[in-house]
Ligand code: CA
């Protein structure tokens, strides 16, 4: 049973996450400030940390840096209202394993949390099937969040990465715009927006021609 530390100062959100995790077999502790969070994180009982960035005391990013600096190597998922690229980049550079923005769906947090726990227990040497998804000559590394085409690294934004991951987990399956919106954007989108088409366009430019095909009036499909 994995013990999850929820670092969150909004009690409504903290108890929402706690309730969901407990009903899925996890044990939890909530810390509503950085001092308590650091003490609990470093006591060796915690298997994963869900980290809000705007918390009383030390900022979440600086807490993250401190924890990594002090040898805490459990998976850390940032869960924050801050959605600008700079915070995401900094979060990953400081050692976060994942970054989710609020508002969020609990189901998505749970999926990501389980994925991070699988990664954490998977062997770190070689290509673990849990951390590398492959379609044709394209590799998607879930641990480093890198896309590789024939050995060449391609940069993806966080959203592009999540979109790519969704396609790579469902190769040769037609994904409707609604499914993609649901998987990648959660409920944080304007209905009727063309955000999916725009991002599929971005991803196509990076993956190359013909990798993601349009299935008329149905959606998109990643060709195996
Ligand atoms: Ca907060």
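In my numbering, the protein residues as written are 239 to 462.
Where a beta carbon is used, it is the ideal one built from N, C-alpha and C, also for glycine.
Small disclaimer: the values here were computed from a predicted structure and weren't measured.
Buried or exposed (CB count within 10 angstroms, at least 16 for buried), residue i
{"i": "residue 313", "result": "buried"}
{"i": "residue 354", "result": "buried"}
{"i": "residue 335", "result": "buried"}
{"i": "residue 388", "result": "exposed"}
{"i": "residue 453", "result": "exposed"}
{"i": "residue 246", "result": "buried"}
{"i": "residue 319", "result": "exposed"}
{"i": "residue 186", "result": "This structure cannot speak to residue 186, because the chain is shown only from 239 to 462."}
Pair within 7 Å by beta-carbon distance, residue i and residue j
{"i": "residue 243", "j": "residue 315", "result": "no"}
{"i": "residue 400", "j": "residue 422", "result": "yes"}
{"i": "residue 332", "j": "residue 303", "result": "yes"}
{"i": "residue 301", "j": "residue 272", "result": "yes"}
{"i": "residue 419", "j": "residue 402", "result": "no"}
{"i": "residue 396", "j": "residue 326", "result": "yes"}
{"i": "residue 371", "j": "residue 406", "result": "yes"}
{"i": "residue 434", "j": "residue 415", "result": "yes"}
{"i": "residue 317", "j": "residue 279", "result": "no"}
Residue i (DSSP reduced to helix, strand or coil)
{"i": "residue 372", "result": "strand"}
{"i": "residue 206", "result": "A query on residue 206 cannot be resolved here, the shown segment of the chain reaching from 239 to 462 and no further."}
{"i": "residue 407", "result": "helix"}
{"i": "residue 392", "result": "strand"}
{"i": "residue 400", "result": "helix"}
{"i": "residue 327", "result": "helix"}
{"i": "residue 417", "result": "helix"}
{"i": "residue 445", "result": "helix"}
Rounded Cβ spacing between residue i and residue j (contact assumed at less than 8 Å)
{"i": "residue 338", "j": "residue 350", "result": "7 Å"}
{"i": "residue 292", "j": "residue 298", "result": "7 Å"}
{"i": "residue 462", "j": "residue 410", "result": "5 Å"}
{"i": "residue 424", "j": "residue 330", "result": "With a Cβ gap of about 20 Å, residue 424 and residue 330 do not count as contacting."}
Those residues which DSSP pairs with residue i across a bridge
{"i": "residue 460", "result": "450"}
{"i": "residue 463", "result": "No statement about residue 463 is possible, as the shown extent of the chain runs from 239 to 462 and does not include it."}
{"i": "residue 240", "result": "In DSSP, residue 240 forms no bridge with anything."}
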